[in-house]
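Colleague:
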Amino acid sequence: MSIVSDDIKDFITTALAQKLKSIKPVYGGGNNQIYRIILQDNNQYALKNYHVHDIKRDQMRLHREYNGFIFLHEYGEQQIPKAIACDKGKLLAIYSWITGDPIVKISNKNIMAVVDFVSRLKHYSKLKAAKKILPASDNVLYPKRLFTQIERRLKFLEKEAYQNRSLQVFLHEQYKPTYQQIRKKFYEKDCLLWMPLSLNQAILSPSDLGFHNMLKKTDGSIFFVDFEYFGWEDPAALLAHFLLHPGMKLSQSNKTLFYNAVSALFSEDVTFQKRFHVLHFLLGFVWILILLNEFLPFIKTRRLSAGQFNLSEVEKIQMMQLQKAQQRLDKLKQMEKETYLC
Numbered sequence: 042m043s044i045v046s047d048d049i050k051d052f053i054t055t056a057l058a059q060k061l062k063s064i065k066p067v068y069g070g071g072n073n074q075i076y077r078i079i080l081q082d083n084n085q086y087a088l089k090n091y092h093v094h095d096i097k098r099d100q101m102r103l104h105r106e107y108n109g110f111i112f113l114h115e116y117g118e119q120q121i122p123k124a125i126a127c128d129k130g131k132l133l134a135i136y137s138w139i140t141g142d143p144i145v146k147i148s149n150k151n152i153m154a155v156v157d158f159v160s161r162l163k164h165y166s167k168l169k170a171a172k173k174i175l176p177a178s179d180n181v182l183y184p185k186r187l188f189t190q191i192e193r194r195l196k197f198l199e200k201e202a203y204q205n206r207s208l209q210v211f212l213h214e215q216y217k218p219t220y221q222q223i224r225k226k227f228y229e230k231d232c233l234l235w236m237p238l239s240l241n242q243a244i245l246s247p248s249d250l251g252f253h254n255m256l257k258k259t260d261g262s263i264f265f266v267d268f269e270y271f272g273w274e275d276p277a278a279l280l281a282h283f284l285l286h287p288g289m290k291l292s293q294s295n296k297t298l299f300y301n302a303v304s305a306l307f308s309e310d311v312t313f314q315k316r317f318h319v320l321h322f323l324l325g326f327v328w329i330l331i332l333l334n335e336f337l338p339f340i341k342t343r344r345l346s347a348g349q350f351n352l353s354e355v356e357k358i359q360m361m362q363l364q365k366a367q368q369r370l371d372k373l374k375q376m377e378k379e380t381y382l383c
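Per the numbering used here, the sequence shown runs over residues 42 to 383.
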């Protein structure tokens, strides 16, 4: 048990009022260190250490996830971890342990389980207590801020581009000219992007909803984990992010089913479809930059500390991500020709 400090062990034993039997790291999460705790009575829990890079941001990730789970549990949601204890100063939280397997082969039944969860989130969003919850991280409730988000991410990557010729060429000769052209077109139009979304149209969202953040139990039920960016979001953005996320290998059948089912959930929202088409296109530019996060030093450190890969694999992974980014940009250029922008 020497893998964690005495300070962390003290937090665990005090919070759970039992002695530790074992604590082991669980790899696979990109943003945190997660440990499996087994107590003397053999009960199991998950310990999450949010300390990564920026203390204020790390504290906010803990706050969003921990309080999000508390809120949802209070109003009846069962298919999420239960928040047990936290220390925001130490950036630690304890949750119930979820025994389950990653969902590798995605079926339409799995898709409908996610749709059911979105439906429940829509219900929780109508509760009076929900109004106290913060907007989701990088939300698009005021869609014009999407451009600010893109330019912030781009600025971080450009600082690293001088060290990598391939990244520099892609950003300066491919990505920026395309993005700037699209941005100019939006600014020239009277667009939905300039209108803040009413909270009545918004939904509480994990903001990183995807099968990479789900576990399937032996009884077939699906549990939803990783709510670090939880908060208010445009449901059209939730749909767009789910379809765009590179971590999931969705078949066309999966995508069509999810699109149709979620669209039906929000059929009373007369601007939902138009917002979706605009956001699905523009969020594609965001996801290209997210793919290139592996070039950022603090992201590299985060992945290493979470045990996701070793240093010798860094350059190989960076080039793979750059290739994926180029492929996505090519698709966006084609989408611009085939669909309306506003």
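Yeah, the Cβ is synthetic: ideal placement off N, Cα and C, and Gly gets one too. Since the model is a prediction, treat every value here as computed from it, not as a measurement.
Around the C-beta of residue 339, are 16 or more other C-beta atoms found within 10 angstroms, so that it is buried, or is it exposed?
Modeller: Exposed, since its Cβ has fewer than 16 Cβ neighbours within 10 Å.
Colleague: Excluding sequence positions up to five away, which residues of its chain have a Cβ less than 8 Å from the Cβ of residue 98?
Modeller: Closer than 8 Å at Cβ, skipping near neighbours: no residue.
Colleague: Rounded to a whole number of angstroms, what is the C-alpha to C-alpha distance between residue 173 and residue 129?
Modeller: For residue 173 and residue 129, the distance between alpha carbons rounds to 19 Å.
Colleague: Taking just the CA atoms, how far does residue 295 sit from residue 256?
Modeller: Roughly 18 Å between the two C-alpha positions.
Colleague: In or out: residue 220 buried (at least 16 other Cβ within 10 Å) or exposed?
Modeller: Residue 220 comes out buried.
Colleague: State buried or exposed for residue 273, treating a residue as buried only when at least 16 other CB atoms are found within 10 Å of its CB.
Modeller: Residue 273 is buried by the Cβ-count criterion.
Colleague: Would you please state the rounded distance, in angstroms, between the beta carbons of residue 268 and residue 105? I believe it to be under 8 Å.
Modeller: Rounded, the Cβ-Cβ distance is 7 Å, consistent with contact.
Colleague: Look at the alpha carbon of residue 198 and the alpha carbon of residue 77, and state the distance between them as a whole number of angstroms.
Modeller: Approximately 34 Å, taken between the alpha carbons.
Colleague: Among the candidates 73, 113, 63, whose CA atom is the shortest distance from the CA of residue 94?
Modeller: Looking at the Cα atoms, 73 is the closest of the given residues.
Colleague: Give every residue of the same chain whose Cβ lies closer than 6 Å to the Cβ of residue 179, excluding the five residues on either side of it in the sequence, and list them in chain order.
Modeller: Only 190 meet the Cβ criterion.
Colleague: Name the two residues that bound the continuous alpha helix (DSSP H) containing residue 210.
Modeller: Unbroken alpha helix (DSSP H) run through residue 210: 206-210.
Colleague: Counting only the same chain and skipping the five closest in sequence on each side, list residues whose C-beta sits under 7 Å from that of residue 211.
Modeller: Excluding sequence neighbours, residue 211 sits near 363, 366, 367.
Colleague: Please report the distance separating the alpha-carbon of residue 204 from that of residue 261.
Modeller: Each residue's Cα considered, the two are about 47 Å apart.
Colleague: Using the C-alpha atoms, what's the distance from residue 314 back to residue 59?
Modeller: Taking the straight line from one Cα to the other gives about 52 Å.
Colleague: Would you call the region 149-160 in contact with the region 105-114, where contact means no fewer than 3 C-beta pairs closer than 8 Å?
Modeller: Short answer: they don't touch.
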